[in-house]
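K.L.:
This is the structure I want to talk about, given as structure tokens.
Protein chains: 4
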Amino acid sequence: MRANTHILEVRKFPQQIRSQRRVEKILAAAIEVFREVGFETATTNEISARAEVSIGSLYQFYPNKSAILNALGARCLTDLRALLDQALSEDSLEIPFEALLDRVFSALHMFSIQNDGLFAAIAKSPTLGEFISAEQQFIDEIIRRLEFNLEHRTPNLEPKKRHIMAKTCVICAHALFETRQSEHHGALMLEAKTIIMAYLEPVLQNR
Amino acid sequence: MRANTHILEVRKFPQQIRSQRRVEKILAAAIEVFREVGFETATTNEISARAEVSIGSLYQFYPNKSAILNALGARCLTDLRALLDQALSEDSLEIPFEALLDRVFSALHMFSIQNDGLFAAIAKSPTLGEFISAEQQFIDEIIRRLEFNLEHRTPNLEPKKRHIMAKTCVICAHALFETRQSEHHGALMLEAKTIIMAYLEPVLQNR
Amino acid sequence: MRANTHILEVRKFPQQIRSQRRVEKILAAAIEVFREVGFETATTNEISARAEVSIGSLYQFYPNKSAILNALGARCLTDLRALLDQALSEDSLEIPFEALLDRVFSALHMFSIQNDGLFAAIAKSPTLGEFISAEQQFIDEIIRRLEFNLEHRTPNLEPKKRHIMAKTCVICAHALFETRQSEHHGALMLEAKTIIMAYLEPVLQNR
Amino acid sequence: MRANTHILEVRKFPQQIRSQRRVEKILAAAIEVFREVGFETATTNEISARAEVSIGSLYQFYPNKSAILNALGARCLTDLRALLDQALSEDSLEIPFEALLDRVFSALHMFSIQNDGLFAAIAKSPTLGEFISAEQQFIDEIIRRLEFNLEHRTPNLEPKKRHIMAKTCVICAHALFETRQSEHHGALMLEAKTIIMAYLEPVLQNR
DNA sequence: AATGAATGAGAATTCATTCAT
DNA sequence: AATGAATGAATTCTCATTCAT
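From first to last, the protein sequence lines are chains G, Z, P and R. Position in the first sequence (first residue = 1) + 9 = the working numbering. Position in the second sequence (first residue = 1) + 9 = the working numbering. Position in the third sequence (first residue = 1) + 9 = the working numbering. Position in the fourth sequence (first residue = 1) + 9 = the working numbering.
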């Protein structure tokens with residue numbers, strides 16, 4: 010047990026790697042539990058038990074229950090940003106808007122599958138200012154990006170009107186994507202593109 | 010028990026009127042508290058305190074915390090149905106679709122003002138099968154009514170497609186209406202009509 | 010977790026020993042409280058306070074108040090069985106019946122002293138199916154053992170009659186033993202032997 | 010309602026008769042409830058509901074829950090005394106002891122049927138000093154009467170010994186009578202006589 | 001760092017009892 | 001006298017968090 014400790018300097022890593030794994034396990038367990046019973050009803054004991062980690066360890070990494078949710082939220086946000094960055098690379102201003110939507114929606118779809126239900130679960134958490142705002146941050150970010158992209162495509166539009174239209178698009182798309190539990194989830198996600206195209210078409214310069 | 014009740018017109022059924030008021034106070038307090046902290050975090054003690062009613066009285070009317078939420082939900086639903094019935098009276102199949110939307114949205118707007126935030130607060134309550142489904146019931150009902158109305162206006166549409174389109178409209182409208190806390194709430198609600206009209210125009214028979 | 014346990018002999022499984030003690034304290038306190046006010050009236054807070062243990066700890070060991078009573082009951086039953094096993098060893102069929110009674114009664118007396126009053130207190134607990142049946146189990150067990158022993162000593166007796174006589178003996182003895190609070194408790198316990206001998210003498214083969 | 014009030018002086022009675030009935034209903038309901046769930050678990054609300062009497066009325070007659078039990082206890086005691094008085098009339102010192110036992114047991118049997126289960130239910134009520142002592146009073150009274158009767162039948166016995174023997178008899182008989190829920194209840198009650206006769210025979214002067 | 005036993009504030013709910021009507 | 005709505009102290013039990021080991 011203590012035998013190999015001094016052999017290699019690299020030996021410092023394992024701890025960190027273990028910690029890393031621990032954290033992963035905790036977060037994974039937390040997602041599970043939050044999904045099943047919601048944030049308020051979830052207990053840190055249950056999370057630590059599922060993570061096969063002692064409750065003490067859990068608190069070593071996260072000072073309280075909310076912190077776990079925040080970590081999860083932050084992580085979601087990071088993931089999402091990466092996906093968006095990829096989808097909205099250089100040419101995003103040139104390609105037809107419909108193609109852009111395709112890209113973005115496919116990115117969001119992927120995100121939604123990866124984070125299946127977590128977002129919804131989190132969104133239901135009352136009094137979670139911090140993370141609620143993470144979700145809001147996320148939505149706001151998409152709105153901002155869309156708005157920016159539309160600047161070039163709808164030069165005649167008043168900025169305020171453009172903002173509102175962008176917001177409208179994102180809110181609707183978000184709502185249609187968040188129908189996971191409902192029938193026709195797939196079809197509804199597809200409709201997102203249709204309804205947005207129909208909505209924006211009149212103001213889009215070309216296409 | 011109720012003897013002598015007719016002697017004085019004043020003070021009709023004092024018990025009942027008082028009880029009525031009590032219940033009102035409890036429900037009003039519950040709305041307040043649910044709004045502020047969400048259902049799970051809300052405490053019956055806090056509710057009874059705000060209602061200036063003893064905790065025992067609260068439990069005389071509602072056997073547990075969920076019952077209060079259910080009462081609130083049921084009440085919302087009733088209100089909403091009445092509003093919709095009014096908005097969708099006899100001529101709702103003949104008038105232009107846009108006019109119909111105006112009516113419905115103004116009804117929903119009124120509802121949304123009356124029940125400001127409650128719905129959203131309730132919707133956030135995790136694991137509240139009963140009332141969550143009340144909200145769902147409400148949405149489903151609007152979808153059904155819209156679908157029915159669209160039958161006459163979009164005779165060429167496949168039923169399934171029509172269903173999905175109706176659902177899409179309602180989901181989007183709902184999402185746009187539920188932005189109370191955000192800036193531009195009013196404008197977003199107005200956009201609901203625009204986006205739905207743009208979306209449905211291609212399939213609407215006349216107008 | 011248990012690593013290094015062998016390094017020092019001292020401090021063996023501290024957790025377990027402490028826990029053990031805690032449980033003991035809780036049970037002891039519970040006995041005290043149950044005795045004083047009865048099961049229903051006893052409160053878990055009072056028990057934990059007397060045990061000088063936090064209420065949370067109490068619930069860590071026993072999920073609810075009844076569980077404490079059950080633990081107490083189970084323990085009694087175990088104790089009693091051990092005592093009986095000892096008293097009714099191999100030769101119990103050969104020795105004179107009176108000698109057998111002496112043995113059994115002295116075992117029961119010891120038990121009664123050890124568990125002073127607990128049994129009575131428990132027996133008074135209404136609606137405690139589980140433990141009431143533990144007491145019943147205990148009585149039934151003694152009846153069974155006595156019946157079995159009498160088979161050899163009263164071969165002419167109808168089985169049903171034998172069963173009833175055994176039951177009669179045990180019920181009477183039990184009642185006489187459960188007079189702890191009354192004057193002459195000791196004398197009454199002694200009478201148990203007399204009355205049973207008088208009752209059985211006519212049907213006993215030899216002696 | 011107020012109309013006939015002044016017609017006859019006798020008119021005062023009805024109130025009393027009604028009250029009487031009310032009290033009867035309350036007591037009857039209380040017996041039912043106590044039997045079903047025991048004293049502690051019984052609620053005054055349940056009792057008043059079953060008695061079809063308002064909770065306020067109940068408290069008009071009995072200042073608290075215990076008072077109801079006490080009333081029930083007192084009543085039992087009265088009933089019992091009457092029965093005993095009848096069974097132990099003048100000639101009770103002359104008739105053979107066995108005949109006496111027959112009389113007493115048949116009286117007790119009747120009592121036990123009339124009060125089926127109430128006694129047992131009451132006996133289980135913890136912390137009911139007052140009524141527990143009613144039961145004790147009852148037992149003590151029987152002991153005293155038996156002791157007195159035995160004075161003439163066992164002149165050679167030491168008084169203390171006689172007291173203990175009387176006590177033994179009563180305790181055993183009581184225990185055998187209180188087996189209502191058990192199989193063989195009838196047979197066990199019959200054994201009471203047998204065991205007591207066997208026990209006392211050696212010291213009884215004649216017979 | 002890890003463990004998990006221990007803590008205790010706090011929540012839901014009940015029910016004996018009061019008192020305005 | 002009767003009624004039953006109202007009261008709120010008291011009880012059971014939970015769970016986030018701490019801390020000795």
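Glycine residues also receive a C-beta, built at the ideal position from the N, C-alpha and C atoms. A quick note: this is a predicted structure, and the numbers were derived from the prediction, not measured.
Kindly indicate which three-state DSSP category P:Y208 falls into: helix, strand or coil?
P.N.:
Position 199 of the third sequence, counted from the first residue, corresponds to residue 208 of chain P. Reduced to three states, the DSSP call for P:Y208 is helix.
K.L.:
Are the beta-carbon atoms of R:M206 and R:E107 separated by less than 8 angstroms?
P.N.:
The sequence position of residue 206 of chain R within the fourth sequence is 197, counting from 1. The sequence position of residue 107 of chain R within the fourth sequence is 98, counting from 1. Taking 8 angstroms as the Cβ cut-off, R:M206 and R:E107 qualify as a contacting pair.
K.L.:
If you pair each beta-carbon of the segment 176 to 185 of chain Z with each one of the segment 148 to 160 of chain Z, do three or more pairs fall below 8 angstroms?
P.N.:
Segments in contact, yes.
K.L.:
Rounded to the nearest angstrom, how far is the Cβ of G:Y68 from that of G:A80, given a contact under 8 angstroms?
P.N.:
Taking the first residue of the first sequence as position 1, residue 68 of chain G is located at position 59. Taking the first residue of the first sequence as position 1, residue 80 of chain G is located at position 71. Incorrect: roughly 13 angstroms between the Cβ atoms, too far for contact.
K.L.:
Take the Cβ of Z:H161 as the centre, count every other Cβ of all protein chains shown within 10 Å, and call the residue buried at 16 or more, exposed below.
P.N.:
As a working note, residue 161 of chain Z is residue 152 in the second sequence. Classification for Z:H161: exposed.
K.L.:
Thinking C-alpha only, which one of G:E55, G:D100, G:L36, G:V113 is nearest G:G82?
P.N.:
Here residue 82 of chain G corresponds to residue number 73 of the first sequence, with the count starting at 1. For G:G82, the nearest C-alpha among the options comes from G:L36.
K.L.:
Three or more C-beta pairs closer than 8 angstroms, one from the segment 102 to 117 of chain G and one from the segment 53 to 66 of chain G: is that the case here?
P.N.:
Contact between the segment 102 to 117 of chain G and the segment 53 to 66 of chain G is absent, because fewer than three Cβ pairs lie under 8 angstroms.
K.L.:
For Z:I173, return the contacting residues in chain G, with the cut-off set at a CB-CB distance below 8 angstroms.
P.N.:
Along the second sequence, read from residue 1 onward, the residue named residue 173 of chain Z stands at position 164. Here the neighbours are H193, A196, L197, E200.
K.L.:
Could you give the C-beta distance for R:E200 and R:L185, rounded to a whole number, given that I count them as a contact under 8 angstroms?
P.N.:
Counting from 1 along the fourth sequence, the entry for residue 200 of chain R is found at position 191. Counting from 1 along the fourth sequence, the entry for residue 185 of chain R is found at position 176. The Cβ separation is near 6 angstroms, so the contact holds.
K.L.:
If you count every other CB in all the chains shown that lies within 10 Å of the CB of Z:M119, and 16 or more means buried, which is it?
P.N.:
Along the second sequence, read from residue 1 onward, the residue named residue 119 of chain Z stands at position 110. The residue is exposed, with fewer than 16 neighbouring Cβ atoms inside 10 Å.
K.L.:
Counting only C-beta atoms, is P:H183 closer than 8 angstroms to chain R at any point?
P.N.:
For this step, residue 183 of chain P is matched to residue 174 along the third sequence. Yes - at least one Cβ of chain R is within 8 angstroms of the one on P:H183.
K.L.:
From R:A91 to R:A182, what distance separates their C-alpha atoms?
P.N.:
The residue given as residue 91 of chain R occupies position 82 in the fourth sequence. The residue given as residue 182 of chain R occupies position 173 in the fourth sequence. Taking the straight line joining both Cα atoms gives about 19 angstroms.
K.L.:
Out of Z:H194, Z:Q190, Z:T203, Z:P211, point me to the one whose CA is closest to Z:R44's CA.
P.N.:
Position 35 of the second sequence holds residue 44 of chain Z. For Z:R44, the nearest C-alpha among the options comes from Z:Q190.
K.L.:
Under a three-way DSSP split, which group does G:T136 fall into?
P.N.:
For this step, residue 136 of chain G is matched to residue 127 along the first sequence. Only weak support exists for where G:T136 lies, its pLDDT of 48 falling under 50; the coordinates are left without a value.
K.L.:
Going by Cα to Cα distance, which pick from Z:D94, Z:I40, Z:D88, Z:L89 is closest to Z:S75?
P.N.:
As a first step, residue 75 of chain Z must be located in the second sequence, where it is residue number 66. Here the closest residue by C-alpha is Z:I40.
K.L.:
With 16 other CB atoms within 10 Å as the buried threshold, where does P:P135 fall?
P.N.:
If you number the third sequence from 1, residue 135 of chain P lands on position 126. The predicted model places P:P135 with a pLDDT of 49, which falls under 50 and marks its position as unreliable; any figure quoted below should be read in that light. It counts as buried.
K.L.:
Would you tell me roughly how many angstroms separate the C-alpha atoms of Z:T203 and G:Y208, rounded to the nearest one?
P.N.:
Numbered from 1 along the second sequence, position 194 holds the residue referred to as residue 203 of chain Z. Numbered from 1 along the first sequence, position 199 holds the residue referred to as residue 208 of chain G. Near 7 angstroms, if we compare the C-alpha coordinates of G:Y208 and Z:T203.
K.L.:
Starting from the beta carbon of R:I204, find every residue of chain P whose beta carbon is closer than 7 angstroms, and list them in chain order.
P.N.:
Residue 204 of chain R sits at position 195 when you count from the first residue of the fourth sequence. Chain P residues near R:I204: T177, C181, I204, Y208.
K.L.:
Can you pull the chain G residues whose beta carbon is under 9 angstroms from the beta carbon of Z:T188, in chain order?
P.N.:
Mapped onto the second sequence, residue 188 of chain Z falls at position 179. Those are K176, I180, listed as they occur along chain G.
K.L.:
Would R:T50 count as contacting chain P if we go by Cβ distances under 8 angstroms?
P.N.:
Numbered from its first residue, the fourth sequence carries residue 50 of chain R at position 41. Output row for R:T50: interface = yes.
K.L.:
Give the secondary structure of G:T203 by DSSP, where H, G and I count as helix, E and B as strand, and everything else as coil.
P.N.:
Within the first sequence, the letter at position 194 stands for residue 203 of chain G. The answer is helix: DSSP assigns G:T203 an H, G or I state.
K.L.:
Would you report the Cα separation of G:L127 and Z:N165, rounded to the nearest angstrom?
P.N.:
Position 118 of the first sequence, counted from the start, is the residue given in the question as residue 127 of chain G. Position 156 of the second sequence, counted from the start, is the residue given in the question as residue 165 of chain Z. Cα to Cα, G:L127 sits roughly 39 angstroms from Z:N165.
K.L.:
Taking only three categories from DSSP, how would you classify G:E49?
P.N.:
Taking the first residue of the first sequence as position 1, residue 49 of chain G is located at position 40. Of the three classes helix, strand and coil, the one that applies to G:E49 here is coil, per DSSP.
K.L.:
The alpha helix (DSSP H) with R:E107 in it runs from where to where?
P.N.:
Translated into positions along the fourth sequence, residue 107 of chain R becomes position 98. Per DSSP, R:E107 belongs to the alpha helix (DSSP H) from 106 to 123.
K.L.:
Excluding five sequence neighbours on each side, which residues of the same chain lie with their C-beta closer than 7 angstroms to the C-beta of G:R112?
P.N.:
Start at 1 with the first residue of the first sequence, and residue 112 of chain G comes out as number 103. The residues are A96.
K.L.:
Go to G:H183, then tell me how far its alpha helix (DSSP H) extends in each direction, as first and last residue.
P.N.:
In the first sequence, counting from the first residue as 1, residue 183 of chain G sits at position 174. 168 to 186 is the extent of the alpha helix (DSSP H) around G:H183.
K.L.:
Give the C-beta separation of R:Q123 and R:D88 to the nearest angstrom, bearing in mind that I take them to be a contact with Cβ-Cβ under 8 angstroms.
P.N.:
To locate residue 123 of chain R, count along the fourth sequence from 1; it is residue 114. To locate residue 88 of chain R, count along the fourth sequence from 1; it is residue 79. About 7 angstroms; that satisfies the 8 angstroms criterion.
K.L.:
Which word fits G:I56, buried or exposed, when buried means at least 16 other C-beta atoms lie within 10 angstroms of its C-beta?
P.N.:
In the first sequence, counting from the first residue as 1, residue 56 of chain G sits at position 47. It counts as buried.
K.L.:
Do you know whose CA, among P:R84, P:S121, P:H194, P:I173, lies nearest P:E33's CA?
P.N.:
Taking the third sequence and counting its residues from 1, one reaches residue 33 of chain P at position 24. Of the listed residues, the one whose Cα sits closest to P:E33 is P:R84.
K.L.:
Quick one: is P:S121 buried, meaning 16 or more other Cβ sit within 10 Å of its Cβ, or exposed?
P.N.:
On the third sequence, position 112 is the one that residue 121 of chain P refers to. P:S121 comes out buried.
K.L.:
Can you tell me whether G:H193 is helix, strand or coil according to DSSP?
P.N.:
For this step, residue 193 of chain G is matched to residue 184 along the first sequence. G:H193: coil per DSSP, three-state reduction.
K.L.:
Give every residue of the same chain whose Cβ lies closer than 6 angstroms to the Cβ of G:A51, excluding the five residues on either side of it in the sequence, and list them in chain order.
P.N.:
The residue you call residue 51 of chain G lines up with position 42 of the first sequence. Only V42, F43 meet the Cβ criterion.
K.L.:
Take R:Q29 and list the residues in its own chain whose beta-carbon comes closer than 8 angstroms to its own, dropping the five residues that flank it on each side.
P.N.:
Here residue 29 of chain R is taken as the residue at index 20 of the fourth sequence, counted from 1. Within the same chain, R:Q29 has no close Cβ partners at all.
K.L.:
Report the start-end ranges of each alpha helix (DSSP H) in the segment 46 to 99 of chain R that is 4 residues or longer and not cut off at the edges.
P.N.:
Segments of the alpha helix (DSSP H) lying fully in the segment 46 to 99 of chain R: 53 to 59, 64 to 70, 74 to 96.
K.L.:
Do P:A38 and R:I173 have their beta-carbon atoms positioned less than 8 angstroms apart in this structure?
P.N.:
Against the fourth sequence, residue 173 of chain R aligns to sequence position 164. Against the third sequence, residue 38 of chain P aligns to sequence position 29. It is not a contact, given that the beta carbons lie outside the stated cut-off.
K.L.:
For Z:R27, count the other beta carbons within 10 Å of its own beta carbon; 16 or more makes it buried, fewer makes it exposed. Which is it?
P.N.:
Along the second sequence, one-based indexing puts residue 27 of chain Z at 18. The residue in question, Z:R27, is exposed, as its Cβ has fewer than 16 Cβ neighbours within 10 Å.
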